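Each remark here refers to the structure printed beneath this line.
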Amino acid sequence: MSSHVKLRKDRVGVVIYDTQIKEVRSQLVEQLKVLDLQLEHKGQQLQDLSDYLRRRGEIEGDYARSLERLAEKFTSKIKRKEPSCQSVAQVWLTLLTQTRQESRDHSGLSESCSNLLIQPLANCLEYTQRLSRKSKEVCAQLQDGLLVATTELQTAWRTYLQYYSGFVCADGKLKDAERQEEKQKTKKMERLIEKRQGKVQEIQEKCSKARNEYLLNLAAANTSMNKYYLQDISTLIDCADTGYHLTLGRVMRAYLSRWSHAQKNLSSGLQQIQGTVSGLDQSQDRDNLLQTHNNTFCLPLRFQYQPYDGDQVCEVSTAPELSCDLETRFKQIQNRLTTLSKETEEAEKGMLAGHSLLLEGVSDDDLEPTGGGGGGGTGLPQEDCAENQASKPSVARRRANHQETENLYLAKVKEYLLGSSKVSKLQAKHDLLKVAFEKGTINCLSIYRLNPKSGYMRRNQSKANLIHKPFNSDMLPFIQASGQEIPEVVESCIRFINLNGLHHEGIFRVPGSQADITSLRDAFERGEDPLTDRLCDLDSVAGVLKLYFRNLEKPLFPVDSITQLLESIQMECEVEGVAHLKTIISSYPAPLVVVMRYLFAFLHHLSQYSDENMMQPYNLAVCFGPTLVRGAHDDDVVTLQPQINALVKTLILQHESVFPSQAEIKGPVYEKCMTLEQDDCEPIIEEGDGDADCFQDSEPGSLADASSTVQTQKKVERPWASRGSADKRSSFPRQGQTGGNVATGAKFFNLKLPVGPQGKSLPNTPSYIRGGQNNSSSEDFTCHVDKVWSLFLNYFLIIIFLNQLSLDGWQQCIAIHYRKPSELKVMKGSRGKK
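Numbers 1 to 834, taken from the UniProt record's numbering, label the letters of the sequence shown in order.
So, in structure tokens, the structure goes:
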């Protein structure tokens, strides 16, 4: 009954998110319609104003000619008559003179309306449509990014629900086992409880990681929504309206100037128009537009945290086993945020500069008359006007410069908006992680700075007797012969990158050290897994993964099917192309399909962190395209490369639709949240752990006692990769640890190292690093003492035991702790000499 209730609640959460995202999608579509409608209104306004001025020019021209004929008619009558000195006649003459001047004024107004004022409006209509169209494209791209953020949120939420439901199930099984133990206590029940406790801890760790990802995506999605609705939309509207208000204002001011000069008796009406023209305000018009369409542009409801039923954690989990990864990711986000913020600031400066240049280009249109028609009241001779026009750039040149400035401005607007969107998402994740650090829930300084490698270390399962070598081989026979469904090279490299490099900037693009790549390749060739017991350079590990696929005898995708694959991506219908790809890939041998599915699921997961690692699907396709897909030898590589990159990009984005599911083809499936399997790991203690336990207060006769053991230290489990399926797990018996006891002349100092096989496996000492388990000897081993350990011992000896140590013992201690790690060897037979 409880399972039905939980399922119902899950469906309710899905419906809530789906409904909310559906409303956002509908709102985004309406926004594009409003922007189109706004462009149509602006174009109609400019067209109507041009038609009005043209018709007004014709009317003013007719009016001027009528006044001229009227004045000439009565002036000719006066000439035929004798002039009169009466005041009425002077009034009449003055009236006729004023009529002729009025005719000239209207003639100048007609020329301005018919020629000068219409051309700027035509230019404004042209670049307004262009700006609006390109701004709409940028808006659509921003909306796609917003929808991607919501999709990532849904995916992370579903992943979190999946893992948490598994945790609830495992916890219920554990409680059932505990209740059975209360009734019947047997060793079998104890082992069952221990096994289920380990399973619960493992699933709980996965659940914590999935919840962290969900919370981070939740914060990023909400921040993206805030930025898009509160900032980006305003910026895009401003971009689309650039120059529109300025041109319209300048045209109307010129029109008003002509009217003011021609008809001063219309001052009251012109003052009203002047007030409206002076009130042209681009920002105010933008705000009025947003207010008018408030339902379309209002900020949607904030995405609420939807936890699984019974989960009370609503913050980023900072468990010790996750703190190291969180600290590393926090630093990477911080570095990426700093770099991207500087780039965004530069883009903003470029955008403002381009905006100013664009407005200057718009203001370059000449509204002054070229002469004739009374000169429009300027009083300039026609020759001077011609010289001014000749000194200015040609119309074609000015238009070309204007378009170049326009393209520059739009590029900067796009760069600024996309960059600031990434900054906002990264800032949200950064702030969320920073709050976790400030609350004191992560103590990475005490846990990992003194002990950066402590935890569990996966056993190096030697496969030196492996006959088939992974590199330079055919994958299908290798899989069949070795029994590895996923080749160890592929699985180990992907596991290492999943745990350490998902947020690494430039992964697969930045080349690694050739020496490291060669060393790792040789280790895999020997049947070893070099990534289990040491820290490696991430770029070198990525290089090994690419090298493995590049050196295969036959490429991962069979050569004879390349033509069909490339034809699939050229189909107009994307759905049909994906279906065709699935049909082709389903015809491949099942072991190859399992490897492809595993690899491309990993690449898709890696691309979801492109804000941090800068590896979008296209960048990954460029890195893996030539490696995975090869044409025939006679094919033009340069010609096919763009198509191959597009194919790999499609496979990364549509991997769930292209590759058969686990139900169709059984085999390992890539897991986003990987952990360290308990059966494949052993505890280790690194630098900084157990320092105090190396100093034992003992009686004078206990210096050579080799049976004393080092106190067990608290360990922090380091997350490692799941093997993908339970049947692939294997555990090897622990190797007997070797060591010795170093005794000096001091009475109160005893550094104890275990010698030979013990009754129980002991944790390694802080200065002990395993080197060649198969060749280790109980008679001789290398003891590495790091700088911190040496300084601590030296200061301790100087301050506490300086007066109590004999000269010989003091010299021996100094010699031991100051020698280089590669030279410091302690022999078993040296115990008890002094």
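Here a beta-carbon is modelled for each residue, glycine too, at the ideal position from N, C-alpha and C. Computed from a predicted model, the values in this text were never measured in an experiment.
Beta-carbon to beta-carbon, V593 and I665 are separated by about 6 angstroms, close enough to satisfy the 8 angstroms threshold. A check of alpha carbon separations from Y164 across V148, E202 and K175 identifies E202 as the nearest. Counting C-beta pairs closer than 8 angstroms gives fewer than three between the stretch 227 to 237 and the stretch 90 to 97, which falls short of the contact rule. Around the CB of P477, fewer than 16 other CB atoms lie within 10 Å, so the residue is classed as exposed.
Judged by beta-carbon spacing, P530 lies within the 8 angstroms limit of L520, meaning their Cβ atoms are closer than that value. Secondary structure at P320: helix, using DSSP grouped into helix, strand and coil. N472: not part of any alpha helix (DSSP H); DSSP gives it neither H nor E.
In this structure the stretch 52 to 59 lies against the stretch 108 to 118, because at least three pairs of beta carbons, one per stretch, are closer than 8 angstroms. The three-state reading of DSSP puts M571 in coil, since its state is none of H, G, I, E or B. A Cβ-Cβ distance of about 5 angstroms is found for the pair K546 and T627, placing them in contact under the 8 angstroms criterion. Contact check for G543 against I517 passes: the beta carbons are separated by less than 8 angstroms. The Cβ atoms of F303 and L433 lie no closer than 8 angstroms to each other.
In the three-state DSSP reduction, Y609 falls in the coil class, being neither helix nor strand.
By the Cβ rule, the stretch 66 to 78 does not count as touching the stretch 19 to 32, because fewer than three pairs are nearer than 8 angstroms.
Going by DSSP, G166 is part of the alpha helix (DSSP H) stretching over I118 to K183. Going by C-alpha positions, L322 is about 51 angstroms away from D285.
By the beta-carbon neighbour count (other beta carbons within 10 angstroms, threshold 16), E406 is buried.
Note that the stretch 100 to 110 does not touch the stretch 42 to 49; fewer than 3 beta-carbon pairs, one per stretch, sit closer than 8 angstroms. In terms of Cα proximity to Q427, the closest of E343, A64 and A219 is A219.
The three-state secondary structure of I486, taken from DSSP, is coil.
Between K412 and G354 a beta carbon distance of about 5 angstroms is seen, short of the 8 angstroms cut, so the two are scored as contacting. K672 carries a coil assignment under DSSP once its states are collapsed to helix, strand and coil. DSSP, reduced to helix, strand and coil, places P300 outside both helices and strands of the structure shown, so it counts as coil. Here L581 has S568 and V658 as same chain residues with Cβ atoms under 6 angstroms from its own Cβ, once five neighbours each way along the sequence are excluded. H402 is the residue among Y160, H430 and H402 whose C-alpha sits nearest the C-alpha of S363.
Beyond the five residues adjoining it in sequence on each side, A240 comes within less than 6 angstroms, by CB distance, of L131, S132 and S135 in the same chain, given in chain order. Exposure of T563 is indicated by the presence of fewer than 16 other C-beta atoms within 10 angstroms of its C-beta.
CA-to-CA, the gap between Q334 and L499 works out to about 19 angstroms. With a cut-off of 8 angstroms on Cβ pairs, the stretch 175 to 192 is not in contact with the stretch 291 to 311, counting fewer than three such pairs.
Below 8 angstroms, too few C-beta pairs join the stretch 184 to 197 and the stretch 149 to 165 to call them touching: fewer than three. For G527, there is no enclosing alpha helix (DSSP H), as DSSP gives it neither H nor E. Counting other Cβ atoms within 10 Å of its Cβ, S208 reaches 16 or more and is therefore classed as buried. Ranked by Cα distance from L146, the first of R253, V34, P617 and S420 is S420. K185 is classed as exposed because its beta carbon has fewer than 16 other beta carbons within 10 Å across all chains shown. Here the C-alpha atom of S586 lies approximately 11 angstroms from the C-alpha atom of S661. The beta-carbon distance between N551 and F471, rounded to whole angstroms, is 5 angstroms. This is short enough to meet the 8 angstroms contact definition.
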